[in-house]
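**Q**
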Amino acid sequence: MTENEIRDKNELVALLLSQKSNYDIKMIEKAYDLCVKSHSGQKRFTNEDYYIHPFNVAKIIVGMGMDSASIMAALLHDVVEDTDTTIEEIEKMFGKEVALLVDGVTKIGRLSFSTKEQQQAENLRKMLIAMGKDIRVIIIKLADRLHNMRTLDAMPDYKQREKAVETLEVFAPIAHRLGIRPVKEELEDLAIKHLDPIAYSEIEQLLQTRKQQREQILDDVKQKIEEYLRKEMPNVDFAFQGRVKSVHGIYRKMFLQGKDFDEIYDVYAIRIITDTVADCYNVLGIMHDIFQPIPNRFKDYIATPKPNMYQSLHTTVISRDGLTFEIQIRTFDMHHTAEFGIAAHWKYKEGISSNDDKLENRLAWIRQILEAQDTSEDSSELLQTIKVDLSQEDIFAVTPNGDVISLPVGSTVVDFAFMIHSAVGTRMVGAKADGKIVPINHEIKTGEVIEILTTNQAGHGPSRDWMSIAVTNQAKSKIRAWFKKERRPENIEEGKDSFDKELRRIGINVSEEEYEAIVGEVAKRYHFPNNDDFFAAIGYGGILLSKIMPRIRDDYFKKVQASKPIQVVEIPEKQSSTGGVVVEGIDNCLIKLSKCCAPLPGDEIIGFITRGHGVSIHKRDCTNVPKDISKSEEPKRWISAHWNTKKTNKFTSTLQIDSIDRDNLIVDIMNVISNMRISLNSINAKQAKGGNCKIIITISCESVEHLKSIINHLEKISGVFSVERIGQ
Ligand code: MN
Numbered sequence: 001m002t003e004n005e006i007r008d009k010n011e012l013v014a015l016l017l018s019q020k021s022n023y024d025i026k027m028i029e030k031a032y033d034l035c036v037k038s039h040s041g042q043k044r045f046t047n048e049d050y051y052i053h054p055f056n057v058a059k060i061i062v063g064m065g066m067d068s069a070s071i072m073a074a075l076l077h078d079v080v081e082d083t084d085t086t087i088e089e090i091e092k093m094f095g096k097e098v099a100l101l102v103d104g105v106t107k108i109g110r111l112s113f114s115t116k117e118q119q120q121a122e123n124l125r126k127m128l129i130a131m132g133k134d135i136r137v138i139i140i141k142l143a144d145r146l147h148n149m150r151t152l153d154a155m156p157d158y159k160q161r162e163k164a165v166e167t168l169e170v171f172a173p174i175a176h177r178l179g180i181r182p183v184k185e186e187l188e189d190l191a192i193k194h195l196d197p198i199a200y201s202e203i204e205q206l207l208q209t210r211k212q213q214r215e216q217i218l219d220d221v222k223q224k225i226e227e228y229l230r231k232e233m234p235n236v237d238f239a240f241q242g243r244v245k246s247v248h249g250i251y252r253k254m255f256l257q258g259k260d261f262d263e264i265y266d267v268y269a270i271r272i273i274t275d276t277v278a279d280c281y282n283v284l285g286i287m288h289d290i291f292q293p294i295p296n297r298f299k300d301y302i303a304t305p306k307p308n309m310y311q312s313l314h315t316t317v318i319s320r321d322g323l324t325f326e327i328q329i330r331t332f333d334m335h336h337t338a339e340f341g342i343a344a345h346w347k348y349k350e351g352i353s354s355n356d357d358k359l360e361n362r363l364a365w366i367r368q369i370l371e372a373q374d375t376s377e378d379s380s381e382l383l384q385t386i387k388v389d390l391s392q393e394d395i396f397a398v399t400p401n402g403d404v405i406s407l408p409v410g411s412t413v414v415d416f417a418f419m420i421h422s423a424v425g426t427r428m429v430g431a432k433a434d435g436k437i438v439p440i441n442h443e444i445k446t447g448e449v450i451e452i453l454t455t456n457q458a459g460h461g462p463s464r465d466w467m468s469i470a471v472t473n474q475a476k477s478k479i480r481a482w483f484k485k486e487r488r489p490e491n492i493e494e495g496k497d498s499f500d501k502e503l504r505r506i507g508i509n510v511s512e513e514e515y516e517a518i519v520g521e522v523a524k525r526y527h528f529p530n531n532d533d534f535f536a537a538i539g540y541g542g543i544l545l546s547k548i549m550p551r552i553r554d555d556y557f558k559k560v561q562a563s564k565p566i567q568v569v570e571i572p573e574k575q576s577s578t579g580g581v582v583v584e585g586i587d588n589c590l591i592k593l594s595k596c597c598a599p600l601p602g603d604e605i606i607g608f609i610t611r612g613h614g615v616s617i618h619k620r621d622c623t624n625v626p627k628d629i630s631k632s633e634e635p636k637r638w639i640s641a642h643w644n645t646k647k648t649n650k651f652t653s654t655l656q657i658d659s660i661d662r663d664n665l666i667v668d669i670m671n672v673i674s675n676m677r678i679s680l681n682s683i684n685a686k687q688a689k690g691g692n693c694k695i696i697i698t699i700s701c702e703s704v705e706h707l708k709s710i711i712n713h714l715e716k717i718s719g720v721f722s723v724e725r726i727g728q
């Protein structure tokens with residue numbers, strides 16, 4: 001039994017009343033009653049009444065600041081699985097919202113998770129699908145698991161092990177992804193307690209023995225800080241916290257990374273919480289006045305939040321008596337987010353109705369995965385997506401001093417160098433991993449000790465190809481900043497060069513005068529004081545050609561087009577070897593009338609693209625034609641066709657489509673052509689540099705207006721960055 005557990009209704013109501021939120025206490029009491037009634041007579045492993053478990057899952061949910069519906073669902077989360085009460089009854093009594101939450105938690109409970117590392121993504125996928133788009137389901141499931149872990153002692157040994165492994169490999173990573181730090185840490189600590197009880201108690205004892213000494217030191221520092229802050233910022237509120245390291249965190253470093261307890265533990269940390277962001281930076285300034293900051297250890301997670309929304313300022317300082325400690329500075333809001341993650345921003349939170357943009361961003365990846373699940377037929381591709389997302393922060397490299405640097409998977413020594421400091425990155429000449437020289441594009445693996453070799457030689461700097469070797473935005477932006485500052489003449493030259501190339505590529509060949517006019521206009525449009533600054537910006541990557549060229553092209557051709565008539569070529573009407581059938585989107589192809597229904601002119605008809613025998617034409621109501629094409633097996637092979645009744649003057653035009661080379665691009669282009677009832681005379685696709693491709697199509701169209709609208713539609717295809725008319 002754990003202390004402070006809720007054991008009856010009065011205790012639950014008292015807990016609710018002690019919170020600031022405005023709960024629907026009457027309905028929660030009703031859920032409580034149904035919980036007791038449904039589970040009556042059932043016992044847990046601990047031999048106490050079963051309903052003690054849901055009470056305390058509800059307590060955890062209250063502690064996370066969740067809403068009334070979540071609390072009701074927590075009370076009822078095992079009712080459908082373990083008792084005669086049905087989901088319909090719950091819906092009748094508590095409404096659809098609570099019923100959906102209970103249903104989601106029940107479904108997750110029925111899943112079997114794999115604890116093999118490579119299948120974590122599959123676990124998450126299962127859980128995300130079972131939750132039915134409501135993240136509260138997973139939060140309730142985490143609370144359920146947390147309470148089960150707290151009371152795990154009563155279970156048989158093999159069950160303890162099984163649950164602990166599953167907790168460590170399935171549930172704690174999910175809590176981490178959702179940014180719910182206390183739940184993640186408690187789950188991990190409880191798992192270690194059952195998986196490696198000896199190490200666990202060793203760490204606990206070490207923590208205990210140092211506690212007093214540590215608290216004394218921290219108290220002294222706090223007192224000093226407080227004195228200064230009261231003096232410098234008398235009207236501002238502060239809260240202090242000494243940071244407690246989780247057992248699991250220490251365990252990982254001691255037993256998996258082989259570090260000494262003192263090495264890990266003697267990093268003291270103080271947290272200062274205040275009201276506003278401005279206060280945070282003021283406090284930081286004061287801290288750097290009182291204490292000596294250690295270079296390269298300042299991190300501004302306020303300006304650049306971590307992926308799980310975490311925000312704070314971190315700095316490491318040395319006191320006069322030589323004590324090194326970390327200071328974290330954040331606002332109360334940031335603190336709440338750091339502690340409760342996604343739950344802190346839950347928009348159905350009682351009494352708060354906000355459209356939290358950050359939450360929306362945070363949820364975006366979940367939504368993307370769910371949406372991908374609807375459209376993607378290839379589940380391995382889906383798993384890949386989730387894996388990439390899951391393992392984003394997964395690698396940890398070590399500096400020769402023993403600092404652990406966390407980097408996204410795939411990071412190279414370039415990223416590592418810039419993560420340490422820009423000056424280390426820009427002066428890098430080489431790198432060692434575990435003592436051996438490695439190439440600069442060496443991909444770092446967790447646990448590697450990375451040493452960056454630098455030079456003080458003047459004039460040395462990063463090379464431009466590092467931009468493509470770096471993975472992190474941090475490194476990329478620092479490299480870019482360096483080039484911007486240090487390499488102006490080269491930037492101008494390089495920028496002008498690539499601009500000119502791009503102009504030629506899109507077919508703008510102009511006189512020097514016209515060229516000057518174009519550049520001048522563009523530079524002005526993007527607020528550059530002169531042409532050189534504009535070219536320099538292209539050179540260091542501050543402005544992307546792919547962003548500015550389409551408009552330049554449009555403006556130019558608009559001008560040119562106004563003075564040049566469009567070339568119109570009459571093409572002879574095709575002979576009726578095709579039986580006078582026009583198949584939309586396809587020209588010059590073998591067309592045959594099917595024998596099964598023998599369509600005649602005037603019949604409503606449809607075409608089917610056969611494998612290697614052209615297009616066969618059926619009557620729309622032929623028994624071989626599916627009634628609902630979109631639901632048929634191969635909907636894309638059915639194409640519209642009609643009898644050629646009127647003669648129209650058409651002209652051919654050749655278009656060049658430049659695009660990112662991707663799957664189904666041609667299909668999408670064909671769809672546009674077919675939907676617009678254009679006939680295609682030829683299509684020719686080839687790969688181009690940099691993962692792009694170039695597609696040349698010749699089409700027949702009716703008018704210039706028609707052509708413009710065709711170009712317009714083609715430009716909207718995803719991946720296409722330019723569509724232009726070229727000579728025949
Ligand atoms: Mn349960």
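1 is the number of the first residue of the sequence shown in the numbering used here; add one for each residue after it.
Glycine residues also receive a C-beta, built at the ideal position from the N, C-alpha and C atoms.
Return the first residue and the last residue of the beta strand (DSSP E) that HIS314 is part of.
**A** Position 314 of the sequence shown, counted from the start, is the residue given in the question as residue 314. Looking at the DSSP string, the run of the beta strand (DSSP E) that includes HIS314 is 313-318.
**Q** Cα separation between PHE261 and ASP33?
**A** For the purposes of this step, residue 261 is taken as the residue at position 261 of the sequence shown. For the purposes of this step, residue 33 is taken as the residue at position 33 of the sequence shown. Whole-angstrom Cα-Cα distance: 49 Å.
**Q** Ordered along the chain, which non-local residues of its own chain (more than five positions away) have a Cβ less than 7 Å from that of TYR515?
**A** Start at 1 with the first residue of the sequence shown, and residue 515 comes out as number 515. Correct list: empty, nothing qualifies.
**Q** Is it the case that the Cβ atoms of ILE657 and GLY607 are separated by a distance below 9 Å?
**A** The residue labelled residue 657 in the question sits at position 657 within the sequence shown. The residue labelled residue 607 in the question sits at position 607 within the sequence shown. Not a contact, by the Cβ cut-off of 9 Å.
**Q** Kindly give me the distance between the Cβ atoms of ARG676 and ILE710, rounded to whole angstroms, as I take these residues to be in contact under 8 Å.
**A** Along the sequence shown, read from residue 1 onward, the residue named residue 676 stands at position 676. Along the sequence shown, read from residue 1 onward, the residue named residue 710 stands at position 710. Note on identity: in this sequence residue 676 is Met, with Arg being the wrong assignment. Contact holds; Cβ gap of about 6 Å.
**Q** Can you tell me which of the three DSSP states LEU16 falls into?
**A** The residue you call residue 16 lines up with position 16 of the sequence shown. Three-state result, LEU16: helix.
**Q** As an exercise, report each continuous beta strand (DSSP E) stretch of at least 3 residues that is fully enclosed by the stretch 625-675, in chain order.
**A** Entirely contained in the stretch 625-675, the beta strand (DSSP E) runs reaching 3 residues are, in chain order, 638-643, 651-660.
**Q** According to DSSP, is CYS622 part of a helix, a strand, or is it coil?
**A** Taking the first residue of the sequence shown as position 1, residue 622 is located at position 622. The answer is coil: DSSP assigns CYS622 none of H, G, I, E or B.
**Q** Residues in the same chain with beta-carbon distance under 7 Å from PRO61, minus the five sequence neighbours each way, listed in chain order, please.
**A** In the sequence shown, residue 61 corresponds to position 61, counting from 1. In the sequence as displayed, the identity of residue 61 is Ile instead of Pro. Closer than 7 Å at the Cβ level, and outside the excluded window around ILE61, lie SER70, ILE71, ALA74, ILE140, ALA143.
**Q** By DSSP, does VAL388 sit in helix, in strand, or in coil?
**A** As a first step, residue 388 must be located in the sequence shown, where it is residue number 388. In this predicted model, VAL388 has a pLDDT of only 39, less than 50, meaning its place in the structure is not dependable; the value taken from the coordinates is given anyway. Looking at VAL388 - three-state DSSP - the assignment turns out to be helix.
**Q** Can we count PRO729 as close to the ligand MN, meaning its CB is less than 8 Å from some heavy atom?
**A** In the structure as shown, the chain starts at 1 and stops at 728, and residue 729 therefore has no counterpart that could be examined.
**Q** For VAL170, which three-state DSSP category applies?
**A** As a first step, residue 170 is located in the sequence shown; it is residue number 170 there, counting from the start. If DSSP states are grouped into helix, strand and coil, VAL170 belongs with the helices.
**Q** Between which residues of its own chain and ILE543 is the CB-CB distance below 8 Å, once the five residues before and five after are set aside?
**A** On the sequence shown, residue 543 is found 543 positions in, with the first residue counted as 1. For ILE543, where only same-chain residues beyond five positions count, the Cβ hits under 8 Å are TYR526, PHE534, ALA537.
**Q** Around the C-beta of ARG230, are 16 or more other C-beta atoms found within 10 angstroms, so that it is buried, or is it exposed?
**A** Your numbering for residue 230 matches position 230 in the sequence shown. By the neighbour-count rule (16 or more Cβ atoms within 10 Å), ARG230 is not buried but exposed.
**Q** Where ILE566 and ARG464 are concerned, what is the direct C-alpha to C-alpha distance, given to the nearest angstrom?
**A** Counted from its first residue, the sequence shown places residue 566 at position 566. Counted from its first residue, the sequence shown places residue 464 at position 464. For ILE566, the predicted structure reports a pLDDT of 38, less than 50, and the residue's modelled location is therefore unreliable. A value from the coordinates is still provided. For ILE566 and ARG464, the distance between alpha carbons rounds to 43 Å.
**Q** Starting from THR698, trace the beta strand (DSSP E) both ways and give me its first and last residue.
**A** As a working note, residue 698 is residue 698 in the sequence shown. Element bounds for THR698: 692-701.
**Q** First and last residue of the beta strand (DSSP E) that includes SER40?
**A** Against the sequence shown, residue 40 aligns to sequence position 40. Per DSSP, SER40 belongs to no beta strand (DSSP E) and is neither H nor E.
**Q** Is the Cβ-Cβ distance between ILE192 and VAL247 less than 9 Å?
**A** What you label residue 192 is simply residue 192 of the sequence shown in a count that begins at 1. What you label residue 247 is simply residue 247 of the sequence shown in a count that begins at 1. Going by C-beta atoms, ILE192 is nearer than 9 Å to VAL247.
**Q** In the DSSP output, which residue or residues are listed as bridge partners for VAL582?
**A** For the purposes of this step, residue 582 is taken as the residue at position 582 of the sequence shown. In DSSP, VAL582 forms a bridge with HIS642.
**Q** Rounded to a whole number of angstroms, what is the C-alpha to C-alpha distance between PHE528 and VAL519?
**A** By one-based count along the sequence shown, residue 528 stands at place 528. By one-based count along the sequence shown, residue 519 stands at place 519. Straight-line Cα distance between these residues: approximately 11 Å.
**Q** Return the chain-ordered list of same chain residues with a C-beta closer than 6 Å to the C-beta of ALA14, the five sequence neighbours on each side being excluded.
**A** The residue given as residue 14 occupies position 14 in the sequence shown. Excluding residues within five positions, none has a Cβ falling inside 6 Å.
**Q** Which of the three DSSP states, helix, strand or coil, is assigned to GLU516?
**A** For this step, residue 516 is matched to residue 516 along the sequence shown. In this structure, GLU516 counts as helix in the three-state DSSP scheme.
**Q** Is there at least one non-hydrogen atom of the ligand MN closer than 8 Å to the beta-carbon of HIS147?
**A** The count along the sequence shown starts at 1 and reaches residue 147 at position 147. Indeed, a heavy atom of the ligand MN lies less than 8 Å from the Cβ.
**Q** Please report the straight-line C-alpha distance between LYS476 and GLY410, rounded to a whole angstrom.
**A** Within the sequence shown, residue 476 is the residue found at index 476, counting from 1. Within the sequence shown, residue 410 is the residue found at index 410, counting from 1. Looking at the two C-alpha atoms, the distance is approximately 14 Å.
**Q** Apart from the five residues just before and just after ARG367, which ones in its own chain have a Cβ nearer than 6 Å to its Cβ?
**A** One-based indexing of the sequence shown puts residue 367 at position 367. The predicted position of ARG367 is uncertain, since its pLDDT is 48 and thus under 50; a value taken from the coordinates is nonetheless stated next. Closer than 6 Å at Cβ, skipping near neighbours: no residue.
**Q** In its own chain, which residues sit with a C-beta less than 7 Å from the C-beta of ARG733, not counting the 5 before and 5 after it?
**A** Lying before the first or after the last residue shown, residue 733 is absent from the chain, which here runs from 1 to 728.
**Q** Would you list the one or two residues that DSSP bridges to GLY430?
**A** In the sequence shown, counting from the first residue as 1, residue 430 sits at position 430. According to DSSP, which records beta bridges pairwise, GLY430 is partnered with LEU453.
**Q** Sort out for me which residues DSSP pairs GLY607 with in a bridge.
**A** Working through the sequence shown from its first residue, we reach residue 607 at position 607. BP columns for GLY607 point to ILE617, ILE639.
**Q** Do ASP49 and the ligand MN come close, with the Cβ less than 8 Å from some heavy atom?
**A** On the sequence shown, position 49 is the one that residue 49 refers to. No, the ligand MN has no heavy atom inside 8 Å of this Cβ.
**Q** With respect to the alpha helix (DSSP H) encompassing PHE325, which residues constitute its N-terminal and C-terminal limits?
**A** The residue you call residue 325 lines up with position 325 of the sequence shown. Where PHE325 is concerned, there is no enclosing alpha helix (DSSP H), although the beta strand (DSSP E) it sits in stretches over 324-331.
**Q** Are the stretch 625-645 and the stretch 684-695 touching by the rule of at least three beta carbon pairs closer than 8 Å?
**A** Judged by Cβ distances under 8 Å, the stretch 625-645 makes no contact with the stretch 684-695, as fewer than three pairs qualify.
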